[in-house]
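Novice:
Residue numbers (the working numbering): 579 to 856.
1) Could you say which of 839, 630, 672 and 641 lies nearest to residue 655 if we only look at CA atoms?
2) Helix, strand or coil: which one does DSSP assign to residue 839?
3) Nearest by alpha-carbon distance to residue 850: which of 760, 803 and 588 is it?
4) Rounded to a whole number of angstroms, what is the C-alpha to C-alpha distance between residue 609 and residue 639?
5) Report the residue from 711, 586 and 616 whose alpha carbon sits nearest the alpha carbon of residue 664.
6) What's the C-alpha gap between residue 746 and residue 775?
7) Identify the residues that DSSP records as bridge partners of residue 781: which are they?
8) Buried or exposed for residue 762, going by 16 or more other Cβ atoms inside 10 Å?
9) By DSSP's criteria, residue 805 is part of a beta bridge. Which residues make up the other side?
10) Thinking C-alpha only, which one of 795, 797, 796 and 815 is nearest residue 804?
11) If I'm right that residue 720 touches residue 707 with Cβ under 8 Å, what's the distance once you round it to whole angstroms?
12) Using the Cα positions of residue 603 and residue 773, report the straight-line distance between them to the nearest angstrom.
13) Any chance you could list the alpha helix (DSSP H) runs of at least 4 consecutive residues sitting entirely within the region 586-657, in chain order?
14) Quick check on residue 821: does DSSP put it in helix, strand or coil?
15) Need the endpoints of the beta strand (DSSP E) that residue 799 sits in, please.
16) First and last residue of the beta strand (DSSP E) that includes residue 724?
17) Starting from the C-beta of residue 734, find all residues in its chain whose C-beta is less than 8 Å away, skip the five residues before and the five after it, and write them out in chain order.
18) Roughly how many angstroms lie between the CA atoms of residue 848 and residue 766, to the nearest whole one?
19) Would you mind giving the Cβ-Cβ distance between residue 823 and residue 794, rounded to the nearest angstrom? I have them listed as a contact below 8 Å.
20) Where does residue 810 fall in DSSP's three states?
21) Quick check: what's the CA-CA separation for residue 782 versus residue 811?
22) Any idea if residue 852 is buried or exposed, counting beta-carbon neighbours within 10 angstroms, 16 or more meaning buried?
23) Using 8 Å as the threshold, is the C-beta distance between residue 806 and residue 837 below it?
24) Three-state secondary structure (DSSP) at residue 659?
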């Protein structure tokens with residue numbers, strides 16, 4: 579579901595956040611927020627409202643001009659979501675040949691950040707994608723740059739977008755063999771780590787409990803809890819229907835919510851090395 583959020587909808591979201599005492603917002607949860615031609619206006623308006631502002635970007639649009647704009651307008655946090663460490667990996671995932679551009683944009687952004695005294699929070703995320711990239715290749719390429727500016731690389735949990743893409747086909751146990759070592763991995767159900775902290779409003783105005791449902795459809799309609807501007811964020815947050823969802827997660831009894839059952843965020847992975855007989 580592609581599209582740009584309209585200004586009046588975003589102004590409404592900001593106003594409701596300020597009225598409710600919500601001090602932090604993220605401009606962009608899915609997609610590439612820096613594509614929006616009004617992003618600078620959104621950032622300025624949010625800061626005028628006294629809001630703490632974060633955004634997440636794949637750096638395809640993180641040009642020197644946009645980098646300067648982010649710092650001048652007072653963004654508080656930038657998450658660099660990086661999923662490729664070579665032109666081949668990048669092409670396999672995006673279908674484009676823009677890897678070198680992304681690398682140059684990230685280098686320029688981090689150089690600017692260091693020269694500005696590291697006054698904003700910056701995260702470098704490795705986004706694992708099965709069959710596309712590996713942690714080894716990622717660290718080999720990106721760690722020297724991260725070390726140069728004093729950043730750690732955060733390994734982001736693999737996402738499956740509420741079961742839309744299920745890399746593990748819901749298998750509870752996995753055995754892998756690498757470098758002569760056997761490893762057993764398994765998952766246990768856990769309460770969603772995000773559901774008690776935020777709501778997401780799509781550019782269409784649909785209100786969702788998280789960013790794991792990028793494109794609501796008939797199968798995920800039960801996860802749409804309201805629609806702006808008809809509904810108010812805090813009314814949704816306090817509604818009996820939303821409280822029921824949060825309670826289901828707290829008790830780890832989410833069978834009535836198929837999207838949550840399939841979502842990787844509701845599973846916590848564990849692993850052990852399997853001893854081998856000599």
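Glycine included, every Cβ here is placed at the ideal spot set by N, Cα and C.
Specialist: The short version:
1) 630
2) helix
3) 760
4) 12 Å
5) 711
6) Low per-residue confidence applies at residue 746: pLDDT is 48, beneath 50, and the placement is therefore not dependable enough to give any value.
7) Looking at the DSSP assignment, residue 781 forms no beta bridge with any residue, so it has no partner.
8) exposed
9) 784
10) 815
11) In fact, because the Cβ distance is near 15 Å, the residues do not count as touching under 8 Å.
12) 15 Å
13) 617-626 and 642-650
14) helix
15) No beta strand (DSSP E) holds residue 799; DSSP gives it neither H nor E.
16) Taken as a continuous stretch (DSSP letters only), residue 724 belongs to no beta strand (DSSP E), being part of the alpha helix (DSSP H) at 713-727.
17) 659, 703, 704, 705 and 706
18) 8 Å
19) In fact, because the Cβ distance is near 15 Å, the residues do not count as touching under 8 Å.
20) coil
21) 15 Å
22) exposed
23) no
24) strand
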